[in-house]
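>
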Amino acid sequence: MNPFILSILLLSLGLGTTLTFASSHWLLAWMGLEISTLAIIPLMSQHHHPRAVEATTKYFITQAAAAALILFASTTNAWITGQWDINFDLHFFPASMLTMALALKMGLAPVHFWLPEVLQGLDLTTGLILSTWQKLAPFILMCQIMPVNSSLITFLGVTSTLVGGWGGLNQTQLRKILAYSSIAHLGWMILVMQFNQQLALLALIIYIPMTFSTFMIFKTNSSTTVNTLAASWAKTPALTAITPMILLSLGGLPPLSGFMPKWMILQELTKQDIPLTASIAALSALLSLYFYLRVSYAMTLTISPNNLNATTPWRLQTTASTLPLAISATISAMLLPLAPSTLALLSL
């Protein structure tokens with residue numbers, strides 16, 4: 015892609031999300047979401063592969079439906095209350111519609127069906143943008159309309175954690191595994207969002223570097239399926255040794271960074287006297303942990319089925335910068351000791 019066009023599209027992505035962050039009017043927020051959607055579509059279809067075109071079409075239709083629902087809900091709310099202000103209390107009916115529309119934008123279960131299919135059709139870089147940056151704007155809007163229908167939010171959260179766990183169990187495609195991982199993590203964030211928005215934001219801030227590291231590792235190894243990971247020990251032995259830590263951090267295993275948000279969320283849910291929801295969320299994390307362990311096992315403890323020794327790939331010097339991956343991998347594995355200071359900041 016032409017660098018000039020690429021820079022315009024990336025600036026538009028940034029502009030759309032920033033516009034949604036800064037807006038206090040529903041129409042402006044809607045415009046920001048639309049700019050983000052329209053900016054990522056050329057990036058998704060740039061490879062002119064039938065799968066990429068199919069994924070782009072699915073994404074566009076889904077996002078257009080969600081945007082139409084947001085516009086309808088905000089107009090209905092303005093008609094009932096006479097207010098377009100985001101910070102103004104929403105009427106119950108438009109609030110429920112907005113929650114479902116934003117859930118569809120982010121890919122929360124039970125309106126998640128587009129996400130694994132779309133992510134499967136994209137290259138890893140665009141998939142990374144879709145899994146991280148594109149979630150920010152609807153996530154912040156969801157934070158702003160809280161607290162709304164408590165039963166609906168709990169249903170979305172619990173369903174997402176369970177679907178994210180169950181869905182990834184039998185997958186062999188890495189991009190689909192990452193899509194279900196994204197659904198499960200968003201479920202955890204939504205569960206706690208109605209009680210503590212700062213904690214939901216902390217979970218998102220830690221989720222982003224972990225997902226960034228995982229996508230970058232798969233991109234470095236040129237891997238898209240679990241089986242192709244078996245050859246990574248010959249390409250990047252040091253990275254192969256570090257990868258299980260990042261994957262287990264995504265699974266929320268102590269003493270890694272991913273354990274911190276899960277621990278704090280379970281603590282908050284118990285404080286709010288909903289131990290059953292906390293128990294379901296904790297058990298669903300075990301399902302996710304299984305497929306992270308499976309990927310770790312395939313990467314580090316299996317050898318690619320080669321007939322000849324000569325088929326081992328050359329370890330060529332990489333030209334890409336490895337500094338971003340090094341920083342994100344460090345954040346993904348070593349933030350847990352900062353938990354007491356994070357708790358102190360959240361309680362301010």
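In my numbering, the protein residues as written are 15 to 362. C-beta: ideal position from N, C-alpha, C; glycine also.
Taking 8 Å as the threshold (C-beta atoms), are Ala151 and Ser50 in contact?
The sequence position of residue 50 within the sequence shown is 36, counting from 1. The sequence position of residue 151 within the sequence shown is 137, counting from 1. Contact flag set, yes.
> Whose C-beta lies closer than 7 Å to the C-beta of Leu301 among residues of the same chain, with five residues either side of it excluded?
The residue labelled residue 301 in the question sits at position 287 within the sequence shown. Excluding residues within five positions, the ones whose Cβ falls inside 7 Å are Gly179, Trp180 and Leu183.
> Determine the contact status of Ala80 and Leu118, defining contact as a CB-CB distance below 8 Å.
By 1-based counting over the sequence shown, the position of residue 80 is 66. By 1-based counting over the sequence shown, the position of residue 118 is 104. Going by C-beta atoms, Ala80 is nearer than 8 Å to Leu118.
> Unbroken alpha helix (DSSP H) runs of length 4 or more, entirely within the segment 136-224: which are they?
Those alpha helix (DSSP H) runs which fall completely within the segment 136-224 and span 4+ residues are 138-145, 147-159, 164-181 and 188-207.
> How big is the Cα-Cα spacing for Leu322 and Ala78?
Taking the first residue of the sequence shown as 1, we reach residue 322 at position 308. Taking the first residue of the sequence shown as 1, we reach residue 78 at position 64. Model confidence at Leu322 stands at a pLDDT of 49, short of 50, so the residue's coordinates are unreliable; what they give is reported in the following sentence. If I take the Cα positions, the gap works out to 51 Å.
> Pull up the distance between the alpha-carbon of Pro258 and that of Gln60, whole angstroms please.
Mapped onto the sequence shown, residue 258 falls at position 244. Mapped onto the sequence shown, residue 60 falls at position 46. For Pro258 and Gln60, the distance between alpha carbons rounds to 32 Å.
> Between the segment 340-353 and the segment 209-229, do three or more beta carbon pairs fall short of 8 Å?
Result yes; three or more Cβ-Cβ pairs closer than 8 Å.
> By DSSP, does Thr239 sit in helix, in strand, or in coil?
One-based indexing of the sequence shown puts residue 239 at position 225. Three-state DSSP puts Thr239 in a strand.
> Which word fits Pro130, buried or exposed, when buried means at least 16 other C-beta atoms lie within 10 angstroms of its C-beta?
Along the sequence shown, read from residue 1 onward, the residue named residue 130 stands at position 116. When all chains shown are included, Pro130 counts as buried.
> Counting only the same chain and skipping the five closest in sequence on each side, list residues whose C-beta sits under 8 Å from that of Gln158.
As a working mapping, residue 158 is identified with position 144 in the sequence shown. Once the five neighbours on either side are set aside, the close Cβ partners of Gln158 are Ile100 and Asn101.
> Tell me the DSSP bridge mates of Asp99?
If you number the sequence shown from 1, residue 99 lands on position 85. Its beta-bridge partners are His39.
> Should the segment 232-245 be called in touch with the segment 184-192, which here means at least 3 C-beta pairs below 8 Å?
Touching, per the Cβ criterion.
> What is the DSSP secondary structure of Gly121, counted as helix, strand or coil?
Along the sequence shown, read from residue 1 onward, the residue named residue 121 stands at position 107. Gly121 falls in the coil class under three-state DSSP.
> Buried or exposed for Ser88, going by 16 or more other Cβ atoms inside 10 Å?
On the sequence shown, residue 88 is found 74 positions in, with the first residue counted as 1. When all chains shown are included, Ser88 counts as buried.
> For the segment 63-73 against the segment 34-46, are there 3 or more C-beta pairs whose distance is under 8 Å?
The segment 63-73 vs the segment 34-46: no contact.
> How about Pro268 and Leu213: do their beta carbons lie closer than 8 Å?
Counted from its first residue, the sequence shown places residue 268 at position 254. Counted from its first residue, the sequence shown places residue 213 at position 199. Result no, Cβ atoms of Pro268 and Leu213 do not sit closer than 8 Å.
> Which residue comes first and which comes last in the alpha helix (DSSP H) that contains Ser263?
On the sequence shown, position 249 is the one that residue 263 refers to. Unbroken alpha helix (DSSP H) run through Ser263: Pro251 to Gly265.
> Would you tell me roughly how many angstroms separate the C-alpha atoms of Leu27 and Pro275, rounded to the nearest one?
Residue mapping note: residue 27 aligns to position 13 of the sequence shown, counting from 1. Residue mapping note: residue 275 aligns to position 261 of the sequence shown, counting from 1. Taking the straight line joining both Cα atoms gives about 28 Å.
> For my contact list, Glu282 and Val206 are in at a C-beta cut-off of 8 Å; report their separation, rounded to the angstrom.
Translated into positions along the sequence shown, residue 282 becomes position 268. Translated into positions along the sequence shown, residue 206 becomes position 192. Glu282 to Val206, Cβ: 5 Å. Contact.
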